[in-house]
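This report refers to the structure that appears directly beneath it.
Residue numbers (the working numbering), protein chains in the order written: chain A, 16 to 248; chain B, 147 to 378.
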């Protein structure tokens, strides 16, 4: 099949809302949304706590978390694989090669981004707000809700960056999800597989959706920072 | 409200940083009412003294004491007021919520009305002009129903028109019974506003007089030199 007709077929997959095609897109979005939500649930409080607390070894932890932002996805996949494999500590849960395993792997990838960005954002805000909040008796953990809310635009950008990283990632979900048709096949694993199989239309169609998604994420991040600048000065 | 938290007593305050005595043997009493203004050259310890009185920092020697439990009954406006990334109204409501005020929305409305901020209520606070920010900071402090207001250089960043407005506000608040302790580097402002002057130099209290006699007949050579505009 030549590239032109592959493109034509790819667009046809998208425009006629092919069910198999949509199922793959849907699973990808579901997995990534869940992973980002979980990462936010854990990462926002953790980053806030890290911003407001001083203890021995804190700098080491901060550097370690910053470094984890560059965690290679295949290593994240390996960690989750080892945890969930039959002989691993969570082997009894039987989650290997399920969407839940993919959520875990992506959460692991997004979490350091959320923690690190939350810590940096809140530390900067705290420096600015310290006098006023201390004057109102809002110190330590009592300052956190104010700082999280006032950092909302920067934090939204961080979550979008996390979403971008998770949705574009292929190695980890392939390792722990297994790329099982109709079950754990995501956009990225499908593209990898279909390209090697020679089914270019499906790969191209998914690639187009993925690119559009990335574009949308970046537009949203840009909008968040613009609105933030307009509102927060 | 209960009994007055005044007088405020600063007794032998010292603040030591890196072996330097930034404040030394600082003692004064602030009774109820009036505007007391701390003047002195840069580095005299004016802002530090306000921070000690407000409880933001603790002295290394001496102590600050109030007649009664003064928690949340004195408020402070900083030289560069902190504007939260929220609307003008939400800035006030946030402060009221922080101190668990019984009716934050109503009280915020009162503060907006009292300080003519109604037209700006829904504007992002950080986009206000310098004068408007200072007014909001004072309104936000006033909303907390303090008995004592600490003002650190309230007009140092403002143009003459805004300065005039803020000075009028400070006088009005004083006439309404609020006790005010403020710093300024502007001697004209001290003359216009102060009932009493605390003159600081190099971390020490040099003169503590009523305003008229301080400006007419300063007792110490340092104060005379300062009023004459010399570097001391």
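Just so it is clear, CB atoms sit at the ideal spot from N, CA and C, and this is done for glycine as well.
If you're wondering where the values come from, they're calculated on a predicted model, not measured in any experiment.
Contact check, residue 233 of chain B vs residue 271 of chain B, beta carbons under 8 Å: Locating residue 233 of chain B in the second chain gives position 87, where the first residue counts as 1. Locating residue 271 of chain B in the second chain gives position 125, where the first residue counts as 1. Result yes, Cβ atoms of residue 233 of chain B and residue 271 of chain B sit closer than 8 Å.
Residue range of the unbroken alpha helix (DSSP H) whose run includes residue 320 of chain B: Position 174 of the second chain holds residue 320 of chain B. Annotation for residue 320 of chain B: the continuous alpha helix (DSSP H) segment containing it runs 306-321.
Nearest-angstrom beta carbon gap, residue 330 of chain B and residue 293 of chain B [assumed within contact, 8 Å]: The count along the second chain starts at 1 and reaches residue 293 of chain B at position 147. The count along the second chain starts at 1 and reaches residue 330 of chain B at position 184. Not confirmed; about 21 Å, so no contact.
Exposed unless 16 or more other CB atoms sit within 10 angstroms - verdict on residue 226 of chain A: The count along the first chain starts at 1 and reaches residue 226 of chain A at position 211. Flag for residue 226 of chain A reads exposed.
For residue 376 of chain B, three-class secondary structure by DSSP: As a working mapping, residue 376 of chain B is identified with position 230 in the second chain. Reduced to three states, the DSSP call for residue 376 of chain B is coil.
CA nearest to the CA of residue 366 of chain B, picked from B/313, B/345, B/156: Position 220 of the second chain, counted from the start, is the residue given in the question as residue 366 of chain B. Measuring from the Cα of residue 366 of chain B, the nearest candidate turns out to be B/345.
Residue 152 of chain A: contacting residues in chain B (beta-carbon distance under 9 Å): Residue 152 of chain A sits at position 137 when you count from the first residue of the first chain. Those within 9 Å of residue 152 of chain A in chain B are 217, 218, 244, 245.
Residue 212 of chain A classed as buried or exposed, judged by whether at least 16 other C-beta atoms fall within 10 angstroms: Counting from one through the first chain, the residue named residue 212 of chain A turns up at place 197. Flag for residue 212 of chain A reads exposed.
Separation of residue 61 of chain A from residue 195 of chain A, as counted between CA atoms: The residue given as residue 195 of chain A occupies position 180 in the first chain. The residue given as residue 61 of chain A occupies position 46 in the first chain. Straight-line Cα distance between these residues: approximately 34 Å.
Per-residue burial, residue 251 of chain B [other beta carbons within 10 Å of its own, 16 or more giving buried]: Indexing the second chain from 1 puts residue 251 of chain B at position 105. Residue 251 of chain B is exposed by the Cβ-count criterion.
Selection from B/324, B/328, B/280 that minimises the alpha carbon distance to residue 308 of chain B: The residue you call residue 308 of chain B lines up with position 162 of the second chain. It is B/280 whose Cα lies nearest to the Cα of residue 308 of chain B.
Exposure label - residue 322 of chain B; buried when at least 16 CB within 10 Å: Start at 1 with the first residue of the second chain, and residue 322 of chain B comes out as number 176. It is exposed - the Cβ of residue 322 of chain B has fewer than 16 other Cβ atoms within 10 Å.
C-beta atoms of residue 215 of chain A and residue 21 of chain A nearer than 8 Å: As a first step, residue 215 of chain A must be located in the first chain, where it is residue number 200. As a first step, residue 21 of chain A must be located in the first chain, where it is residue number 6. Yes, they are a contact pair.
Among B/257, B/349, B/223, B/237, nearest to residue 166 of chain B - alpha-carbon criterion: Against the second chain, residue 166 of chain B aligns to sequence position 20. Taking only the C-alpha atoms, the option nearest residue 166 of chain B is B/349.
Whole-angstrom distance between residue 156 of chain B and residue 129 of chain A, CA atom to CA atom: As a first step, residue 129 of chain A is located in the first chain; it is residue number 114 there, counting from the start. As a first step, residue 156 of chain B is located in the second chain; it is residue number 10 there, counting from the start. Near 46 Å, if we compare the C-alpha coordinates of residue 156 of chain B and residue 129 of chain A.
Proximity below 8 Å, CB of residue 230 of chain B to CB of residue 165 of chain A: By one-based count along the second chain, residue 230 of chain B stands at place 84. By one-based count along the first chain, residue 165 of chain A stands at place 150. Cβ atoms of residue 230 of chain B and residue 165 of chain A: closer than 8 Å.
Cβ neighbour criterion (16 or more within 10 Å) applied to residue 353 of chain B: Here residue 353 of chain B refers to the residue found at position 207 of the second chain. With 16 or more Cβ atoms within 10 Å of its Cβ, residue 353 of chain B is classed as buried.
Cβ-Cβ distance between residue 356 of chain B and residue 342 of chain B below 8 Å: As a working mapping, residue 356 of chain B is identified with position 210 in the second chain. As a working mapping, residue 342 of chain B is identified with position 196 in the second chain. In this structure, the beta-carbon distance from residue 356 of chain B to residue 342 of chain B falls below 8 Å.
Any beta strand (DSSP E) of 3 or more consecutive residues that is wholly inside the stretch 221-307 of chain B: 294-298
Chain B within 8 Å of residue 161 of chain A, Cβ atoms only: The residue you call residue 161 of chain A lines up with position 146 of the first chain. So yes, residue 161 of chain A belongs to the interface.
Residue-chain proximity (residue 346 of chain B, chain A), Cβ-Cβ < 8 Å: By one-based count along the second chain, residue 346 of chain B stands at place 200. Output row for residue 346 of chain B: interface = no.
CB contact flag (residue 91 of chain A, residue 187 of chain A, <8 Å): Taking the first chain and counting its residues from 1, the one referred to as residue 91 of chain A is at position 76. Taking the first chain and counting its residues from 1, the one referred to as residue 187 of chain A is at position 172. Yes, they are a contact pair.
Beta carbon of residue 135 of chain A nearer than 8 Å to that of residue 191 of chain A: Taking the first residue of the first chain as position 1, residue 135 of chain A is located at position 120. Taking the first residue of the first chain as position 1, residue 191 of chain A is located at position 176. No; because the gap between Cβ atoms is not below 8 Å, this pair is not in contact.
Anticipated Cβ contact below 8 Å, residue 67 of chain A with residue 158 of chain A, distance rounded: Position 52 of the first chain, counting from 1, holds the residue named residue 67 of chain A. Position 143 of the first chain, counting from 1, holds the residue named residue 158 of chain A. Contact flag correct, Cβ pair sits at about 7 Å.
Residue nearest to residue 303 of chain B in terms of C-alpha spacing, selected from B/295, B/332, B/317: For this step, residue 303 of chain B is matched to residue 157 along the second chain. Nearest C-alpha to residue 303 of chain B: B/332.
Three-state secondary structure assigned by DSSP to residue 145 of chain A: Your numbering for residue 145 of chain A matches position 130 in the first chain. Three-state result, residue 145 of chain A: helix.
Reference residue 181 of chain A, options A/219, A/52, A/24, closest by Cα: Here residue 181 of chain A corresponds to residue number 166 of the first chain, with the count starting at 1. Among A/219, A/52, A/24, the Cα nearest to that of residue 181 of chain A belongs to A/52.
Burial state of residue 185 of chain A (16 or more Cβ within 10 Å): Within the first chain, the letter at position 170 stands for residue 185 of chain A. Label assigned to residue 185 of chain A: buried.
Contact check, residue 171 of chain B vs residue 180 of chain B, beta carbons under 8 Å: Position 25 of the second chain, counted from the first residue, corresponds to residue 171 of chain B. Position 34 of the second chain, counted from the first residue, corresponds to residue 180 of chain B. Not a contact, by the Cβ cut-off of 8 Å.
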